[in-house]
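Single-structure report; data block below.
Number of protein chains: 2
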Amino acid sequence: MLCNTVKVSPRRSNPQTRPALVDIAARLLADEGPQALSARRIATEAGSSTMAVYTNFGGMSGLVREMVYEGFARLQDYFSHVSRTADPVADIALLGRAYRHNALTNPHLYAVMFGGASLAGFSLTAEDRQYGRYTLSTVVECATRCITAERFRAGDAELVAHQLWTAIHGLVTLELGEYLIEPFDADRVFEAQLTGLMIGAGDTLEEATRSVASSRRRLKKVVEGVRPDPVDDRPAGDRRRRPRQAAPAG
Amino acid sequence: MLCNTVKVSPRRSNPQTRPALVDIAARLLADEGPQALSARRIATEAGSSTMAVYTNFGGMSGLVREMVYEGFARLQDYFSHVSRTADPVADIALLGRAYRHNALTNPHLYAVMFGGASLAGFSLTAEDRQYGRYTLSTVVECATRCITAERFRAGDAELVAHQLWTAIHGLVTLELGEYLIEPFDADRVFEAQLTGLMIGAGDTLEEATRSVASSRRRLKKVVEGVRPDPVDDRPAGDRRRRPRQAAPAG
DNA sequence: GCAGTTAGCATAACGGCGTTATGTTAAAAA
DNA sequence: TTTTTAACATAACGCCGTTATGCTAACTGC
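Protein chains in written order, with the working numbering: chain A, 1 to 250; chain B, 1001 to 1250.
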């Protein structure tokens, strides 16, 4: 074939191949969706054979797993750009907005992260899920501050964080599935959901409304801080990403 | 092959083939998950060739669509067994519980209904989604009663219904994905979510707590009323299901 | 009753998929 | 320098959804 046009092809630990596969997979996923993620196509576009996918990731599952980790890393990026202010409720609302923005910016990636079923029989391991849950710790900490500030009822901060997570995850999922339309579009439901959660957690209607509005204004800053990211414009060098080596067919 | 052991094989409009395919597909989906849904396997287990899938459903997408309709029909079944009482908040909470119970009883079916991405490149049409949204009307009506009874703030009943939907959908999705564990398990988050939603909608903490507890007691009756259903134990006769004919390759 | 039409389905093939067995080769180890 | 090792190419296996073709039984009009 035309696998390597020039036959230099370094045989041991080519440092180009692995990140190239990851970046191409991420681009295919972002541009054409999950069905474009095939070992054959990725390898072809990377100028190598399908075996490269197996030596580097142990198979398609390993590459998909890499995408999932990338997705959580991007989410963590957004969360880390949410600053702590004197209004913890506005902060936690902003975390919710950041979560939604990340999902809408990387819709296919988000679908792979939580789609669970199908996709070449891929399924996450317990460790993968723990890695995803860890992302919640930022929200838990913020919920604790809301309770300390007596904006939320005394009780479980983790419970509040889980409520926020499940609620916004559901909204984003149905939004990406185009189930929310016209007068009851995702934006209206989202703000209502957010406000309702704050009230349900113990905040007053007035305070909640003000904090949610405040978070709306602050979102722009967060989004700008995270860029550039959308599809991975960087040259192809490696960056923050799990070391995680592939099992070499043992 | 052994396609039809006895070679009687009526050639025109065999009334057995179509429901047999649907029932086998439903069973495979329930027993082994989405990856077991293949035209070849379904046809083999039905004793026919893969062409039967195409003449009856126009391809795998058509059969998957049939599964989606079946899923919404089952959900509607649960909703129709939720009776109207003097406590509309308990009623709407019970709708939420019924929604969750249906999803947990038919997890793979629920995944196909809202998994959206992948699964042999299948995707729902706008009409399919409208069919799914229609299921919400039961909840909207109940939310209206909550507002009329002055348990919820005056405002949009559809908005409240969408909040409930997105919140519980998100919880169920993460629950099925095994993201909710141990001390913050799905049951705790669900009840907190439910109570929080009622308070957020305008109900008082005491009333909401009482209504949510009431709905917990009433769930059993609903579940018993819906059976039998889990995997489709019936002989194979047709039943409530969309007429929807397959495009004959025109 | 009969001929022409039609539609359900069997057979077989096509291209694409994930995966694996095997060989080749360049870098690391001795 | 020699041996070992691991990254990758090549080619094949079995699966998938889909399609082209042909057969035949049921409908259609006479």
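Glycine included, every Cβ here is placed at the ideal spot set by N, Cα and C.
Taking CB distances under 7 Å as the criterion, tell me whether residue i reaches chain A.
i: residue 1162 of chain B; result: yes
i: residue 1174 of chain B; result: yes
i: residue 1129 of chain B; result: yes
i: residue 1199 of chain B; result: yes
i: residue 1192 of chain B; result: yes
i: residue 1179 of chain B; result: yes
i: residue 1189 of chain B; result: yes
i: residue 1234 of chain B; result: Residue placement at residue 1234 of chain B is flagged as unreliable, the pLDDT there being 41, under the threshold of 50; the coordinate-derived value follows with that caveat. So no, residue 1234 of chain B is outside the interface.
Output yes if chain B places a C-beta closer than 7 Å to the C-beta of residue i; else output no.
i: residue 171 of chain A; result: yes
i: residue 184 of chain A; result: yes
i: residue 167 of chain A; result: yes
i: residue 89 of chain A; result: no
i: residue 159 of chain A; result: yes
i: residue 71 of chain A; result: no
i: residue 96 of chain A; result: no
i: residue 196 of chain A; result: yes
Give the secondary structure of residue i by DSSP, where H, G and I count as helix, E and B as strand, and everything else as coil.
i: residue 77 of chain A; result: helix
i: residue 173 of chain A; result: helix
i: residue 1182 of chain B; result: helix
i: residue 1019 of chain B; result: helix
i: residue 1047 of chain B; result: coil
i: residue 1059 of chain B; result: coil
i: residue 202 of chain A; result: coil
i: residue 1214 of chain B; result: helix
i: residue 139 of chain A; result: helix
i: residue 228 of chain A; result: coil
i: residue 1194 of chain B; result: helix
i: residue 29 of chain A; result: helix
i: residue 972 of chain B; result: The structure shown does not extend to residue 972 of chain B, since chain B is modelled only from 1001 through 1250, so no value can be given for it.
i: residue 144 of chain A; result: helix
i: residue 85 of chain A; result: coil
i: residue 1014 of chain B; result: coil
i: residue 239 of chain A; result: The predicted model places residue 239 of chain A with a pLDDT of 38, which falls under 50 and marks its position as unreliable; any figure quoted below should be read in that light. In this structure, residue 239 of chain A counts as coil in the three-state DSSP scheme.
Exposed or buried, residue i, counting other C-beta atoms within 10 Å across all chains shown (16 or more means buried)?
i: residue 1225 of chain B; result: exposed
i: residue 179 of chain A; result: buried
i: residue 1016 of chain B; result: exposed
i: residue 1075 of chain B; result: buried
i: residue 1100 of chain B; result: buried
i: residue 151 of chain A; result: buried
i: residue 1138 of chain B; result: buried
i: residue 1051 of chain B; result: exposed
i: residue 1183 of chain B; result: exposed
i: residue 166 of chain A; result: buried
i: residue 1181 of chain B; result: exposed
i: residue 1218 of chain B; result: buried
i: residue 104 of chain A; result: exposed
i: residue 78 of chain A; result: buried
i: residue 173 of chain A; result: buried
i: residue 1203 of chain B; result: buried
i: residue 1192 of chain B; result: buried
i: residue 1185 of chain B; result: exposed
i: residue 1090 of chain B; result: buried
i: residue 155 of chain A; result: exposed
Locate the alpha helix (DSSP H) running through residue i, then write down its first and last residues.
i: residue 150 of chain A; result: First-last for residue 150 of chain A: undefined, no H or E at that position.
i: residue 122 of chain A; result: First-last for residue 122 of chain A: undefined, no H or E at that position.
i: residue 95 of chain A; result: 88–105
Does any heavy atom of the ligand GTP sit closer than 6 Å to the C-beta of residue i?
i: residue 163 of chain A; result: With respect to small molecules bound, the structure shown includes none, and the ligand GTP cannot be examined in it.
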